[in-house]
Amino acid sequence: INDDWKIISRQLTHAQHTRVLLYRDNIDDAVGFIHSRDALRLLTKEQFDKPSLLRAVREIYFIPEGTSLNTQLLKFQQSKERIGIVVDEYGDIQGLVTLEDILEQVVGDLTTTQTRTPSEEVTTQSDGSYLVDGG
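First residue of the sequence shown: 1, per the UniProt record's numbering; consecutive thereafter.
Structure, rendered in structure tokens:
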């Protein structure tokens, strides 16, 4: 958040995740999360500045390192959080965990890694028409 404003704007514009962690000089000085949708909405306004960005930031949900999956799943449900920062006993950031990460560990991979070829998606019918699988 202490970077040049143009760099911050570019990073928010090109973010590949739905939530972006904002921090000051290093990652252990995290400020909070901003949803990409909220960041893009702010970027389209003429008065996009650091104070408006900081007002849109959501508080960080911290997770103690070593918290079991079951415990964290319950805490996510109770707090209605979907993402948290894992910290060690000194408060140093160790990583990030999402509700989806936990669900995938409990019930298996939620996203399919299997890709279909175009020939599997389009089938030629006997009358010469095509049947396209909409997924």
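C-beta: ideal position from N, C-alpha, C; glycine also.
Per DSSP, cross-strand counterpart(s) of residue i
i           : result
residue 131 : 123
residue 103 : In the DSSP output, where bridge partners are listed per residue, residue 103 has none listed.
residue 84  : 97
residue 63  : 86
residue 58  : 33
Closer than 8 Å: residue i CB and nearest the ligand FMN heavy atom
i          : result
residue 44 : Only the bare structure without any ligand can be found here, which leaves the ligand FMN out of the picture.
Local conformation of residue i per DSSP, three classes
i          : result
residue 18 : coil
residue 71 : helix
residue 48 : coil
residue 24 : coil
residue 34 : strand
residue 8  : helix
Residue burial classification, residue i (beta-carbon count within 10 angstroms, cutoff 16)
i          : result
residue 62 : exposed
residue 27 : exposed
residue 60 : buried
residue 53 : buried
Same chain, Cβ closer than 8 Å to residue i, neighbours up to 5 away in sequence not counted
i          : result
residue 76 : 82, 84, 99, 102
residue 43 : 9, 12, 13
residue 96 : 21, 83, 84, 85, 86
residue 72 : 63, 84, 97, 102
Cut-off 7 Å between Cβ atoms - residues of its own chain near residue i, not counting five sequence neighbours on either side
i           : result
residue 25  : 2
residue 20  : 12, 33, 34, 36, 39
residue 94  : 65, 86, 87, 88
residue 105 : 69
residue 23  : 1, 29, 30, 31
From the options, residue whose alpha carbon lies closest to that of residue i
i          : options          : result
residue 5  : 50, 33, 39       : 50
residue 30 : 91, 123, 80, 126 : 91
residue 18 : 58, 47, 46, 52   : 58
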